[in-house]
Structure formats: C-alpha cells, structure tokens
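Some notes on the structure that comes next.
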Amino acid sequence: MGGRCGIKGATKGHNAKNKSYKRKIWLSRRDKDIDQVDEELKKAQETTGVPQIAFDYDVDLPGGGQFYCSETDKHFIDAKALEDHKKTKFYKRRVKELKAGNHHNHKTSEWAAGMTKEVLPPAHAKMES
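Going by our numbering, the first residue of the sequence shown is number 170, and it counts up by one from there.
What follows is the structure, given as structure tokens:
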C-alpha cells in the first residue's frame, strides 16, 4: 500500500492555515524590539564602559555564545558569519535606528493611544467687570 502508516498531520505544510500555531511560533521566534536593545546597550555601557554585551561560554548557544551581535540580539557560529551579518541591510538599518534614538517609550505610546491629559483653554472666557 505504501503511505504513512496512520501518522496524522506530519506532512509538510500541515500547519499552513493553523492560526494558533502561527501566533505561537511567531511569538517564540520574535526578535527584541529596538527600545529593549537600546536599554540593554545603555546598561552595558554603564556597568562595563563598553556598549557590548559579553557572554561566558555556553554550549547551548551557537558558537558557544562568543559571537554575539548586540544590535540585533543574535548569536552566530563563527566570526565569519558575524562579519557577513554586519554587511546585511537588516543590520545596517538596525544600527541606523539605534543611532537615531527616537524609540517608543511609555509616554509616546500613551499619546498614540489617545490617553493623554491635555489642558485645554476654557471654551468661554469669563468677562471681568
């Protein structure tokens, strides 16, 4: 007969339309936001004086955690892969955003959501006699 012997749902693309699976995977593989990366770089600058995050050797990380790009929050296998990454458009765009410094913060997010407390002038000015 051939076939798969009753294994269900293990074919390529079996989660193509599964929205809950896509949401779960997207959230688990999501990169850090630009403001989170900026905060980490500032903390590293304050503690060590160098805006670079250093890792001890870790077997679970690619390259033992020794080849890390702090701007994009990614680990690489070797120095060549890290150099190649630093030539990409994604890396250059992220560095440009970090240098610009206009990241979202709590105040701007409240403003965008319409949660600001504006002080408006009175609609009808009182006439003094």
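We put the beta carbon where it would ideally sit given N, CA and C, even for glycine.
Secondary structure, beta strand (DSSP E): runs of 3+ residues fully inside the region 225-268: 236-238, 243-245
When burial is assigned at 16 or more other CB atoms within 10 Å of the CB, is V228 buried or exposed? Looking up residue 228 in the sequence shown gives position 59. V228 should be labelled exposed.
When the Cα atoms are used, what is the spatial distance from L210 to A185? Along the sequence shown, read from residue 1 onward, the residue named residue 210 stands at position 41. Along the sequence shown, read from residue 1 onward, the residue named residue 185 stands at position 16. Using only the alpha carbons, I get a separation of about 37 angstroms.
Where Y190 falls, given that 16 or more other Cβ within 10 Å makes a residue buried: Reading the sequence shown from its first residue, position 21 is the one you call residue 190. By the 10 Å Cβ count, Y190 comes out exposed.
Going by beta-carbon coordinates alone, are H272 and D204 separated by less than 8 angstroms? In the sequence shown, the residue the question calls residue 272 occupies position 103. In the sequence shown, the residue the question calls residue 204 occupies position 35. Yes, the Cβ-Cβ distance between H272 and D204 is below 8 angstroms.
So, with DSSP's three-state summary, where would you put R192? By 1-based counting over the sequence shown, the position of residue 192 is 23. DSSP places R192 in helix when its eight states are reduced to three.
Could you check if V288 is buried or exposed, using at least 16 other CB atoms within 10 Å of its CB as the buried criterion? Along the sequence shown, read from residue 1 onward, the residue named residue 288 stands at position 119. V288 should be labelled exposed.
Report the rounded CA-to-CA distance for K276 versus K181, giving the unit in angstroms. Translated into positions along the sequence shown, residue 276 becomes position 107. Translated into positions along the sequence shown, residue 181 becomes position 12. Their Cα atoms are separated by approximately 45 angstroms.
Span separating the alpha-carbon of M170 from that of I194: Walking along the sequence shown from the start, residue 170 turns up at place 1. Walking along the sequence shown from the start, residue 194 turns up at place 25. With a pLDDT of 49 at M170, under the threshold of 50, the modelled position of that residue is not reliable, and the figure given next carries that caveat. Their backbone Cα atoms lie some 35 angstroms apart in a straight line.
Quick one: what does DSSP say Q221 is sitting in, helix, strand or coil? Start at 1 with the first residue of the sequence shown, and residue 221 comes out as number 52. In this structure, Q221 counts as coil in the three-state DSSP scheme.
First and last residue of the alpha helix (DSSP H) that includes E279? Residue 279 sits at position 110 when you count from the first residue of the sequence shown. From DSSP, the alpha helix (DSSP H) with E279 extends over 275-282.
Let me know if V206 comes out buried or exposed under the rule of 16 or more other beta-carbons within 10 Å of its beta-carbon. Within the sequence shown, numbered from 1, the residue matching residue 206 stands at position 37. Label assigned to V206: buried.
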